[in-house]
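Have a look at the structure below before the remarks.
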Amino acid sequence: MTCSFPMRQTVISALTLISATSMLLSVPTQAAEKAATKKTGTYVSGDFHNHTTCSDGSLSIQKLVDKATSNKTGAFNLDWFVQTDHGGNSPRNCTISEDPFEPNTPALGLSTTSNSGTSPATTLSATSVNPYPVGGQSGTLAKGPNQLWSATLAGGVNDIKGDVLTASQGGYSGRTMYRWQEIKEYQYKVLETESRNRKKPIWIGNELNAPGHEHVQTTILDGQATWPSTATTGNATLMAQHEYCFDRNDADTSRGAENQWDCSVKDSTNEYLDATAKKIKFSNSAATPNVGHYKSVDAVKWLKEKALNTSFYIPAHIERAGFYQDTFNRGTDIEHFREYNNIAPTIAYGVEFMPGHQPSGNRGEFSPTWNGAAGTLNAAAASGGRTYGGTGGYAASIGGVWDALLGEGRNFWFFASSDYHNRGIFGPDQRESTQDFLPGEYTKMYVMARNGADSLSPQTIMDGLRSGNVFVANGSLIDQLSFVVCRYNPTVPRAAFQALIEKAALTAASAGKEVRINGCATMGEKLVARADTDLLVTAVMRNPKANNSPYTFPNPSLAQINVTQPLNAPVLDHVDVIWGQVTSKPLATNAVVSPCVKSAYFSCGDLESAAAKNASTIMAKRFNSTNWKDSGNGFLTMSYKVTAGKNSQYFRLRGTNLPVSTPNETDANGNPLADDTSNANKIPCTHASCPAHLNNAGGVKYSSYDVAAWSDLWFYSNPVFVEVIGNVTVAGAK
Amino acid sequence: MNNNLAKRFKLYFSIGFLSIVAACGGGSGNAISAIEIFTTNLSSAMASLASTPSGFAGFTNLLDSTYKQDGITNANLVAILTADAAAIPADASFPVVSYSSPVISNCNAANICDLNVIAFNADVDYIATNITLKVLNTGSGYKLVGDQSAS
Numbered sequence: 052m053t054c055s056f057p058m059r060q061t062v063i064s065a066l067t068l069i070s071a072t073s074m075l076l077s078v079p080t081q082a083a084e085k086a087a088t089k090k091t092g093t094y095v096s097g098d099f100h101n102h103t104t105c106s107d108g109s110l111s112i113q114k115l116v117d118k119a120t121s122n123k124t125g126a127f128n129l130d131w132f133v134q135t136d137h138g139g140n141s142p143r144n145c146t147i148s149e150d151p152f153e154p155n156t157p158a159l160g161l162s163t164t165s166n167s168g169t170s171p172a173t174t175l176s177a178t179s180v181n182p183y184p185v186g187g188q189s190g191t192l193a194k195g196p197n198q199l200w201s202a203t204l205a206g207g208v209n210d211i212k213g214d215v216l217t218a219s220q221g222g223y224s225g226r227t228m229y230r231w232q233e234i235k236e237y238q239y240k241v242l243e244t245e246s247r248n249r250k251k252p253i254w255i256g257n258e259l260n261a262p263g264h265e266h267v268q269t270t271i272l273d274g275q276a277t278w279p280s281t282a283t284t285g286n287a288t289l290m291a292q293h294e295y296c297f298d299r300n301d302a303d304t305s306r307g308a309e310n311q312w313d314c315s316v317k318d319s320t321n322e323y324l325d326a327t328a329k330k331i332k333f334s335n336s337a338a339t340p341n342v343g344h345y346k347s348v349d350a351v352k353w354l355k356e357k358a359l360n361t362s363f364y365i366p367a368h369i370e371r372a373g374f375y376q377d378t379f380n381r382g383t384d385i386e387h388f389r390e391y392n393n394i395a396p397t398i399a400y401g402v403e404f405m406p407g408h409q410p411s412g413n414r415g416e417f418s419p420t421w422n423g424a425a426g427t428l429n430a431a432a433a434s435g436g437r438t439y440g441g442t443g444g445y446a447a448s449i450g451g452v453w454d455a456l457l458g459e460g461r462n463f464w465f466f467a468s469s470d471y472h473n474r475g476i477f478g479p480d481q482r483e484s485t486q487d488f489l490p491g492e493y494t495k496m497y498v499m500a501r502n503g504a505d506s507l508s509p510q511t512i513m514d515g516l517r518s519g520n521v522f523v524a525n526g527s528l529i530d531q532l533s534f535v536v537c538r539y540n541p542t543v544p545r546a547a548f549q550a551l552i553e554k555a556a557l558t559a560a561s562a563g564k565e566v567r568i569n570g571c572a573t574m575g576e577k578l579v580a581r582a583d584t585d586l587l588v589t590a591v592m593r594n595p596k597a598n599n600s601p602y603t604f605p606n607p608s609l610a611q612i613n614v615t616q617p618l619n620a621p622v623l624d625h626v627d628v629i630w631g632q633v634t635s636k637p638l639a640t641n642a643v644v645s646p647c648v649k650s651a652y653f654s655c656g657d658l659e660s661a662a663a664k665n666a667s668t669i670m671a672k673r674f675n676s677t678n679w680k681d682s683g684n685g686f687l688t689m690s691y692k693v694t695a696g697k698n699s700q701y702f703r704l705r706g707t708n709l710p711v712s713t714p715n716e717t718d719a720n721g722n723p724l725a726d727d728t729s730n731a732n733k734i735p736c737t738h739a740s741c742p743a744h745l746n747n748a749g750g751v752k753y754s755s756y757d758v759a760a761w762s763d764l765w766f767y768s769n770p771v772f773v774e775v776i777g778n779v780t781v782a783g784a785k
Numbered sequence: 160m161n162n163n164l165a166k167r168f169k170l171y172f173s174i175g176f177l178s179i180v181a182a183c184g185g186g187s188g189n190a191i192s193a194i195e196i197f198t199t200n201l202s203s204a205m206a207s208l209a210s211t212p213s214g215f216a217g218f219t220n221l222l223d224s225t226y227k228q229d230g231i232t233n234a235n236l237v238a239i240l241t242a243d244a245a246a247i248p249a250d251a252s253f254p255v256v257s258y259s260s261p262v263i264s265n266c267n268a269a270n271i272c273d274l275n276v277i278a279f280n281a282d283v284d285y286i287a288t289n290i291t292l293k294v295l296n297t298g299s300g301y302k303l304v305g306d307q308s309a310s
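Protein sequences, first through last, are from chains A and B.
Residue numbers for the first sequence, in the numbering used here: 52 to 785.
Residue numbers for the second sequence, in the numbering used here: 160 to 310.
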């Protein structure tokens, strides 16, 4: 082959190579390394809030973990799992697994007696309808995880440490073990074994009974074995100590027996510390107003002191217990989120905006009379009264509490859980439920775990949760998502640029991965842009063909508008892009929300306060079958151009299977309505296969419990921030 | 050399190699060679824009005065690049896009042609798609004219 090199061409080629080499050497490190230094990662599904008989759950640890993480029939194959029981104490030994004769998943239709009341109540219990033990376990003390610690430990009660206390739980009464001992000496060991055997990150946490408030998911990785290491046996000593020190239901004063823990906090006055117990023994009360909250603040400071990047503090079902009251243990308001986040942004970086208990008669267990009849001492009206499409009002309302926090440029993320305790009148191997869904069955949280070539580990999951690169879906409405905001490359035709980014997003979503392109930001990240820059918002998601619902009959909510769609094969109807402005620097710690303004739905609390809103927030764009691209394999691609304007801002997504103006489900703007199936029996379930346990009035069944939950599905993404140069700084992902 | 730098090196090496191939007769004549040179220079200029926003002169030299694409005129684009150069920190660049495999076609009486190229992203994710650019054959080379679209 001959090859002539005209002088001009040769010079050009040489110059190009020289130029290329020089550019290579001058590539700005920040820009070039951002995408490059991200380890490759995958979205992995998991759950961090479920219970065993070591608190008020119904399963052993082994069975709960098996249901969550194995891939056999009736289990849900989650990639990671954090087991959290309530703090306090329990008489039952959850480390003894169920009996081998525990039945396999039965077919539907076991319920033969129609419910004649407005709730399933007791007429559908054990002997007449449900052949499986209520609570899913052998009904005697002699079997399974309902056995008492005192009856199953080698030394009997002598092996139970701390102050002597007898209590009843789940109908089983006996000498209780404080949760710190359960965690440290019994539960952790089982979970470590489960993690090794199942080759998945499985570790322990605690659902803290937060002093002054309700519940908070906590975990501390320090000490726990780092799977897949098999050489070292770990421990959960720090987790156990946190429970002893800060759980308001842990009344033990022994300092953890031989542990002799001291709960003083470096960055605290420690003024309420009890001299004997070395912890604060009080919570909010008339005699000690706000002391509980101070103790919760110390709980966060303690984590910051001892586990800065290896712990989390994530309040659960935050609206359920109502607004905060200084003399009771109630809900958590926006000023507390700000306070925790200000103290420890790497630990207190989000909440469960979507609660568990989705099939409960009061969805999420949110009701205007939670924990007792109105007017009684313990009664509290859930903030917002109800859930809205399964999500609490703080995040379900556009411009609400969540948007207020995002509008301050905070890294503050949307999480969810199953909060499994039991299936109500059904056993754990049955598929119907009047109370909870098993982890992975209905609610899934997908977390970007950037583990590169390494095995998935608890720390990569923790880092993923903290990054905010997380999305949540109920009922498998979507199971893959790639969501980016990119600066347009002004030198490339927009259509071509959009095609490139959409292809990148589709490629990423198809592999369960994220887009890694400089000049694009994904969930939890911030894109830095000049004012008035053109931005491309692109999302690709998969709407799978089927979910885990046992019901194949048509969705009764959609039947109201003459849409026939099986409950186990939901179709995404539309996706909303929610946009909000980042308007101000974060408010000071303890900026108190007041006054409380009542409305038809909102009995009180955060929702009506201007300090708990982001008035700039809008539903900026809606995508549906008319303007998204359907790849035909479940993947949907949607993009739109927006100009950055002058202000820092954020974009987030939500989507649902329900069209706008679906009666009793969505309003004319597509916003979710209150999930209230209790008072009006609103949505009839008329198909012959509608199950017997549904609410029934006048011989008509109404959508309720699990059917109501499977009917009304939503997903939420976390936000992508855009920081406009010269405007408000956004915290960005750390 | 990290992964991204390696990919960028591959990109720039490819651009240089493309010119050599064109010089070796990789095209079918002088016209093809010219468009390959143009494409190479265009990609180099675009890469330079993304990495050093202040270095936009190399790119604007490849714009025809009548350039208009998506409502952005020559003046608009120069203004955008000027503003970027003044304001954009190093970590706020836009996605880098480069072009390869140029094919010229459909030249009209005004010497405006379709330039079909593979547009590709050269960051960690390598994504490629075929696009068409409008170029003007000036007789001494090519310039971008855009599709004259309003938005």
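We put the CB at the ideal spot given by N, CA and C, even for glycine.
What does residue i reach in chain B if we use C-beta pairs closer than 7 Å?
i: residue 769 of chain A; result: Those within 7 Å of residue 769 of chain A in chain B number zero; the least Cβ separation is about 21 Å.
i: residue 551 of chain A; result: 256, 278, 280, 286 and 288
Let me know if residue i comes out buried or exposed under the rule of 16 or more other beta-carbons within 10 Å of its beta-carbon.
i: residue 260 of chain B; result: exposed
i: residue 570 of chain A; result: buried
i: residue 603 of chain A; result: exposed
i: residue 479 of chain A; result: buried
i: residue 694 of chain A; result: exposed
i: residue 238 of chain B; result: exposed
i: residue 585 of chain A; result: buried
i: residue 774 of chain A; result: buried
i: residue 483 of chain A; result: buried
i: residue 83 of chain A; result: Only weak support is given to the placement of residue 83 of chain A: the predicted model assigns it a pLDDT of 32, under 50, and the value that follows is read from those uncertain coordinates. Per the 10 Å Cβ criterion, buried.
Going by C-alpha to C-alpha distance, which of the options sits closest to residue i?
i: residue 689 of chain A; options: A:484, A:676 and A:323; result: A:676
i: residue 228 of chain B; options: A:485, A:543 and A:346; result: A:543
i: residue 686 of chain A; options: A:531, A:600 and A:749; result: A:531
i: residue 495 of chain A; options: A:216, A:109 and A:768; result: A:768
i: residue 398 of chain A; options: A:528, A:271 and A:739; result: A:271
i: residue 555 of chain A; options: A:594, A:316, A:534 and A:736; result: A:534
i: residue 267 of chain B; options: B:242, B:296 and B:303; result: B:296
i: residue 579 of chain A; options: B:272, B:305, B:308 and B:254; result: B:254
i: residue 347 of chain A; options: A:290, A:360 and A:383; result: A:383
What in chain B is Cβ-close to residue i, meaning under 8 Å?
i: residue 566 of chain A; result: 284
i: residue 555 of chain A; result: 280, 284 and 286
Does any heavy atom of the ligand NAD sit closer than 8 Å to the C-beta of residue i?
i: residue 234 of chain B; result: With respect to small molecules bound, the structure shown includes none, and the ligand NAD cannot be examined in it.
Just confirm the distance between the C-beta atoms of residue i and residue j, as a whole number of angstroms; I'd bet it's less than 8 Å.
i: residue 523 of chain A; j: residue 405 of chain A; result: 6 Å
i: residue 487 of chain A; j: residue 471 of chain A; result: 5 Å
i: residue 467 of chain A; j: residue 371 of chain A; result: About 14 Å separates the two Cβ atoms, so there is no contact after all.
i: residue 368 of chain A; j: residue 403 of chain A; result: 6 Å
i: residue 253 of chain A; j: residue 238 of chain A; result: Incorrect: roughly 11 Å between the Cβ atoms, too far for contact.
Counting only Cβ pairs nearer than 8 Å, list the residues of chain A close to residue i.
i: residue 306 of chain B; result: 544
i: residue 295 of chain B; result: Residues of chain A passing the Cβ test: none, with the nearest at roughly 16 Å.
So which residues of chain A does residue i contact, with C-beta pairs closer than 9 Å?
i: residue 246 of chain B; result: 581, 582, 776 and 777
i: residue 274 of chain B; result: Those within 9 Å of residue 274 of chain B in chain A number zero; the least Cβ separation is about 11 Å.
Name the chain B residues whose beta carbon is nearer than 9 Å to that of residue i?
i: residue 558 of chain A; result: 284 and 286
Proximal residues, the stretch 532 to 548 of chain A versus chain B, C-beta separation under 9 Å: 537, 538, 539, 540, 541, 542, 543, 544, 545, 546, 547 and 548
For the stretch 210 to 244 of chain B, which residues have a beta carbon sitting closer than 8 Å to at least one beta carbon of chain A? 210, 211, 218, 228, 229, 231, 236, 239, 240, 242 and 243
Any residues in the stretch 574 to 594 of chain A with a beta carbon nearer than 7 Å to a beta carbon of chain B? Which ones, in chain order? 579, 580 and 581
What residues from the stretch 685 to 710 of chain A come within 7 Å of chain B, judged by C-beta to C-beta, listed N to C? none
Please list the residues of the stretch 198 to 210 of chain B that have a C-beta atom closer than 7 Å to any C-beta atom in chain A, keeping them in chain order. 199, 203, 205, 206, 207, 208 and 210
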